[in-house]
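**Q** Right, I'll just put the structure down here and ask away after.
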């Protein structure tokens, strides 16, 4: 039954409803995702700008050179110069270099003990061990640690190739020192075993410490060598890029912070 006041055109649907609205709202979702991506990029850019400002402030306060502490020649700060994602790796490499430096000292002491025990090769061992301490310590820092430090700081190909070349030689040197062949200046395995069989307890104990040091730094560096190679490959570094960088910047820049 119809009532006289009833609106024949009344609808149960709201007049505010948009009949052309997309129920899935896919376009709005895609736009929101895009805006979120842009926001994240802006935040990352702000973070990088803050890190750069902190680095500049640190240099202003402390000066450019701070290493080695007793006679500063270069600026070395993993926290200020290395990207956060790579700081752990570079810290481990620096620690392994410190292990190397300490092992060279212990190795020399072990060779002194070998000489004192009456070994016929003791003089050659001691002379070579002193040479290793004097030359390997600074050269290892300059030829493989500093290049890979700069490589992760600037992400340029030549740094990586310098590291792979000299770091590879250092791995071979580590194997050579682990063996401990008499008269080579290494108190490694062979020399330590001979000290135990003599017996020469001081030579054996210090030689054991030196052997462990050679093994730790050698195995550690071999592990990170592979990891750095994988990073270098993923980053797309090539020999052509390295040649271009060498021609542009020169070799000197790759052993300094500049």
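In the working numbering, the protein residues as written are 1 to 258. We put the beta carbon where it would ideally sit given N, CA and C, even for glycine.
Given a threshold of 16 other Cβ atoms within 10 Å of its Cβ, counted over all protein chains shown, does residue 226 qualify as buried or as exposed?
**A** The residue is exposed, with fewer than 16 neighbouring Cβ atoms inside 10 Å.
**Q** Mind checking who residue 74 pairs with in its DSSP beta bridge?
**A** BP columns for residue 74 point to 67.
**Q** So which of 53, 106, 116 has the shortest CA-CA distance to residue 130?
**A** 106
**Q** Report, in whole angstroms, the separation of the C-beta atoms of residue 166 and residue 144, which I expect to be a contact under 8 angstroms.
**A** 4 angstroms
**Q** Taking just the CA atoms, how far does residue 237 sit from residue 32?
**A** 36 angstroms
**Q** Quick one: what's got a C-beta closer than 7 angstroms to residue 101's C-beta in the same chain, skipping five residues either side?
**A** 137
**Q** Pair every Cβ in the stretch 199-209 with every Cβ in the stretch 233-248, then say whether three or more of these pairs are closer than 8 angstroms.
**A** no
**Q** Am I right that residue 125 and residue 133 are in contact with their C-beta atoms under 8 angstroms? What's the rounded C-beta distance?
**A** With 8 angstroms as the limit, residue 125 and residue 133 do not qualify as a contact, their Cβ atoms being about 13 angstroms apart.
**Q** Please classify residue 103: is it buried, with 16 or more other beta-carbons within 10 angstroms of its beta-carbon, or exposed?
**A** Flag for residue 103 reads buried.
**Q** Identify whether residue 203 lies in helix, strand or coil by the three-state DSSP scheme.
**A** helix
**Q** Select from 231, 128, 156, 162 the residue whose C-alpha is nearest the C-alpha of residue 110.
**A** 128
**Q** Got a sec? Which residues, its chain only, sit under 8 angstroms from residue 89 by beta carbon, not counting five neighbours each side?
**A** 152, 224, 227, 228
**Q** Please determine, among 190, 200, 195, 83, the residue with the shortest C-alpha to C-alpha distance to residue 149.
**A** 83
**Q** For residue 201 and residue 195, what's the separation of their Cα atoms in angstroms?
**A** Computed Cα separation, rounded: 7 angstroms.
**Q** Whose CA, out of 86, 108, 146, lies closest to the CA of residue 187?
**A** 108
**Q** The alpha helix (DSSP H) that contains residue 97, what's its start and end?
**A** 87-116
**Q** Using a Cβ-Cβ cutoff of less than 7 angstroms, which residues in the same chain neighbour residue 43 once the five nearest sequence positions on both sides are dropped?
**A** none
**Q** Nearest to residue 213 by alpha carbon, out of 97, 146, 29, 233?
**A** Ranking the options by Cα distance to residue 213, first place goes to 97.
**Q** Do you know offhand how far residue 141's Cα is from residue 27's?
**A** Between the alpha carbons of residue 141 and residue 27 lies a gap of roughly 56 angstroms.
**Q** Is the beta carbon of residue 74 sitting closer than 9 angstroms to the one on residue 87?
**A** no
**Q** Going by the beta-carbon positions, is the gap between residue 164 and residue 231 smaller than 9 angstroms?
**A** no
**Q** Specify the secondary structure class of residue 258 as computed by DSSP and reduced to three states.
**A** Legend: pLDDT at residue 258 = 49, less than 50; position of this residue unreliable, no value from coordinates given.
**Q** I believe residue 190 touches residue 215 by the beta-carbon criterion, under 8 angstroms. Please report the beta-carbon distance rounded to the nearest angstrom.
**A** That pair is no contact at about 14 angstroms.
**Q** Output the distance between the C-alpha atoms of residue 210 and residue 183, rounded to the nearest integer angstrom.
**A** 16 angstroms
**Q** Using a 10 Å radius around the Cβ and a threshold of 16 neighbouring Cβ atoms, would you call residue 45 buried or exposed?
**A** Label assigned to residue 45: exposed.
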